[in-house]
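In full-length UniProt numbering, the protein residues as written are 1 to 520.
Cβ atoms here follow ideal geometry from the backbone N, Cα and C, with glycine treated the same way.
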Amino acid sequence: MTRSFACGAGAAGVDWQQRADVVVIGTGVAGLAAALAAHRKGSRTVILSKAPDTATFYAQGGIAVVLPHTDDSVEAHVRDTLAAGAGLCDPDAVRSIVADGYRAVADLVDDGARFDESAPGQWALTREGGHSRRRIIHAGGDATGAEVQRALDHAAATLDIRRNHVALQILSDGTAVSGVLVRNADGLGIVHAPSVILATGGLGHLYRATTNPEGSTGDGIALALWAGVGVTDIEFVQFHPTMLFDRTATGRRPLITEALRGEGAVLRDARGESMTTHHPMGDLAPRDVVAAAIQARLRASGDECVFLDARSIDRFAQRFPTVTAACRAAGIDPTRQLIPVVPGAHYSCGGVATDVSGRTELPGLFAAGEVARTGMHGANRLASNSLLEGLVVGGRAGRAAVEHSRDAGAPVAKADERQHNALDRTVLQTAMSEFASVVRDAAGLRQLADILAEATPTRMTTRAAAEDVALTATARAVTTAALARTESRGCHHRGDHPDTDPEQAFSRTLHDDHAAACLQ
Ligand code: SIN
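Structure, rendered in structure tokens:
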């Protein structure tokens, strides 16, 4: 059991304290996979959650996984992943994660997940951009993430999940983790623990509109940077080609899953013309290619959106109930009308630098899922590889964290509430959307850097303030990395450097001081 005791804002400078072996921050696929693995190895595991929604819940397409006894192979999946990643994947990491996928999915099935079947006992497989085969399992048609979340929530129902707890600081002496500084309704607290796993998801709310839930504010990136841990490939923000268009909408917007194109939907501009004829895979090219093609067409035509024509898909409402509901809510009947779409901020391909078990450079700090950069995604994530990575690396991180805790003993953390700078969220989102979106250039990124430099010291006394601080730190890292990469590669497109430069086929790791120095 976890001990929890009030101590007053006295010597420790906090209102409450707890002790655990492993703390997991986040309750999406990676967080709960990690927490379940740690719990099942007998560790006292505390899970911190700031928001009810996870990105996992909203995932539509599915899980890319190589099934045994099919014409698919680990090597084919690795090849597709490396091709999408545009030279920046770590092939060993990709192979390790892909090869472990079927086992991890089988464990999820043991925990109660159910996937759609094409015949009794045979999973239905779909295709998405960049995949050379049908290898994507799905659930509830296009509600895969909801099923994954349901199964994990159920399996984790008896675990110690602390809702409305905002992590503010990873506590360490610079050589090892000792806990987490947290704010909840009772005030400021410390969870003392030798192992902390960041599973905080992505950073979509750096932008005005995103497919991500409201909690995707770059928290884990900021926590890692402040703890002295590097983030890698952070310039590679993936824009999903097809987010439902609405001229005025901001915040989380519905995704129109890529699986529609896998089932025959086509992309057309307002004149009925394709924009992906230059690529052999056409509308099923990797999503950086499709998003860039849409963006180029919008720029050239002055149109506000392009269209997805999904009218040829049979039994549309049964196969795609989530997309059907989103379209109907917007007054669109996708079986009779075209769906207006634009590229939308969707996924951070880079993140906290880890190995394939989630270990960071700071002993005791782990990261898994979207917040982490294992080397799986390189410069552009292959569709439906994210739930796969979250499951595999989440579980591994949970087990590695338990081992670390056993070796490290029980640390006593000291409160360390630091102040950081924050920019007004609307100002930040507007600037990021204008200058660090699908296409960037040096002049715009410099302007963005100047705007970010106007951030002012802010105390993290509320969840919103903590998120603003995290968004600002993350925006700074993205801007620094995007300025440094003077080429176009994967989902990082530079208008002033449109070609890929073979000399820049390397990943860049930033630390907090580096990000700050580069923007001065
Ligand atoms: C989609 O369903 O198109 C999104 C899947 C993903 O992001 O991998």
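Note down, in chain order, each residue of its chain lying with its Cβ closer than 8 Å to the Cβ of residue i, except the 5 sequence neighbours on either side.
i    : result
A410 : R19, H192 and P194
R46  : In the sequence as presented, Arg is not what sits at residue 46; that position holds Val. Counting only Cβ-Cβ distances below 8 Å, and skipping sequence neighbours, we find T2, Q18, A20, V22, V23, V24, D160, R162, V191 and A193.
Going along the chain, which residues of its own chain have a beta-carbon closer than 6 Å to the beta-carbon of residue i, five neighbours each way excluded?
i    : result
R162 : L48
A442 : D496
G141 : R319, F320 and P321
G87  : A505
H131 : D80
P502 : none
G13  : A415
E389 : I97 and M376
T158 : none
D219 : T200 and A470
P254 : L244 and A326
H279 : A285 and V289
Can you say whether residue i is buried or exposed, counting buried as having 16 or more other CB atoms within 10 angstroms of its CB?
i           : result
T217        : buried
F506        : exposed
A400        : buried
T144        : buried
H77         : buried
R135        : buried
G302        : exposed
E467        : buried
A9          : Low confidence applies here, because A9 scores a pLDDT of 37, under 50, leaving its location unreliable and the question unanswered by this model.
E117        : exposed
residue 521 : Residue 521 lies beyond the stretch modelled for the chain, which goes from 1 to 520, so this question has no answer here.
M1          : Because the pLDDT of M1 is 29, which lies under 50, any placement of that residue in the model is unreliable, and the number read from its coordinates should be weighed accordingly. With fewer than 16 other Cβ atoms within 10 Å, it is exposed.
G121        : exposed
E304        : exposed
A59         : buried
D513        : exposed
Please report the residue range of the beta strand (DSSP E) in which residue i lies.
i    : result
E304 : Taken as a continuous stretch (DSSP letters only), E304 belongs to no beta strand (DSSP E), as it is neither H nor E.
P241 : V237 to L244
Y207 : Premise fails: Y207 is in no beta strand (DSSP E) and is neither H nor E.
S348 : I339 to S348
E117 : E117 to A119
V78  : Per DSSP, V78 belongs to no beta strand (DSSP E); it is in the alpha helix (DSSP H), V74 to A84.
H192 : G187 to H192
S178 : V177 to N184
P457 : T456 to T458
R19  : W16 to R19
Assuming residue i and residue j form a contact by the criterion Cβ under 8 Å, report the distance between their Cβ atoms to the nearest whole angstrom.
i           : j    : result
E128        : G61  : 5 Å
P363        : V177 : 7 Å
C491        : N380 : 5 Å
residue 522 : R247 : Residue 522 is absent from the model: the chain starts at 1 and stops at 520.
V166        : K50  : 5 Å
A34         : A464 : About 27 Å; that fails the 8 Å criterion.
D309        : V266 : 5 Å
F366        : A397 : 4 Å
C89         : Q238 : With 8 Å as the limit, C89 and Q238 do not qualify as a contact, their Cβ atoms being about 14 Å apart.
A93         : V356 : 5 Å
R373        : D233 : 5 Å
A113        : E147 : 6 Å
I256        : V323 : 6 Å
G204        : H346 : 7 Å
R208        : T250 : 5 Å
Grab me the residues of residue i's own chain with a C-beta within less than 7 Å of its C-beta, minus the 5 sequence neighbours each way, in chain order.
i    : result
A104 : L391, V392 and G395
Q520 : At Q520, the pLDDT of 44 sits below 50, so the modelled position is not reliable; the number obtained from the coordinates is stated separately. For Q520, where only same-chain residues beyond five positions count, there are no Cβ hits under 7 Å.
G264 : S312 and I313
E454 : L423
A55  : G28, G201, G202, N212, P213, S216 and E370
S43  : D21, V22, V402 and S405
V439 : Q295, H493 and G495
A482 : E235, A436, R440, L445 and H492
V66  : D72, S73, V74, H77, V98, G101, Y102 and R135
For residue i, report the span of its alpha helix (DSSP H) as first-last.
i    : result
R396 : S386 to A408
P91  : P91 to A99
H39  : V29 to R40
L255 : Here L255 belongs to no alpha helix (DSSP H), and DSSP marks it neither H nor E.
H420 : Here H420 belongs to no alpha helix (DSSP H); instead the beta strand (DSSP E) covers H420 to A422.
Q149 : T144 to A155
Kindly indicate if chain D contains any beta-carbon less than 8 Å away from that of residue i.
i   : result
L36 : Given the protein chain composition of this structure (a single chain), no chain D is represented.
(message) With three or more beta-carbon pairs closer than 8 Å as the criterion, would you say the stretch 271 to 282 touches the stretch 418 to 436?
(response) No contact exists between the stretch 271 to 282 and the stretch 418 to 436.
(message) Closer than 8 Å is the cut-off here; do at least three beta carbon pairs connect the stretch 224 to 234 with the stretch 472 to 480?
(response) In short, these stretches touch, since the Cβ pair count reaches three.
(message) Measuring CB atoms only, is the stretch 20 to 39 touching the stretch 426 to 433, in the sense that at least three cross pairs come out at less than 8 Å?
(response) Result no; under three Cβ-Cβ pairs closer than 8 Å.
(request) Check whether the stretch 329 to 341 touches the stretch 167 to 175, counting contact only when three or more Cβ pairs, one atom from each stretch, lie closer than 8 Å. (result) Here the stretch 329 to 341 does not lie against the stretch 167 to 175, with fewer than 3 beta-carbon pairs under 8 Å apart.
(request) Indicate whether the contact test is met: 3 or more Cβ pairs, each with one atom in the stretch 150 to 165 and one in the stretch 107 to 117, closer than 8 Å. (result) By the C-beta criterion, the stretch 150 to 165 is judged to be in contact with the stretch 107 to 117, since at least 3 inter-stretch pairs fall below 8 Å.
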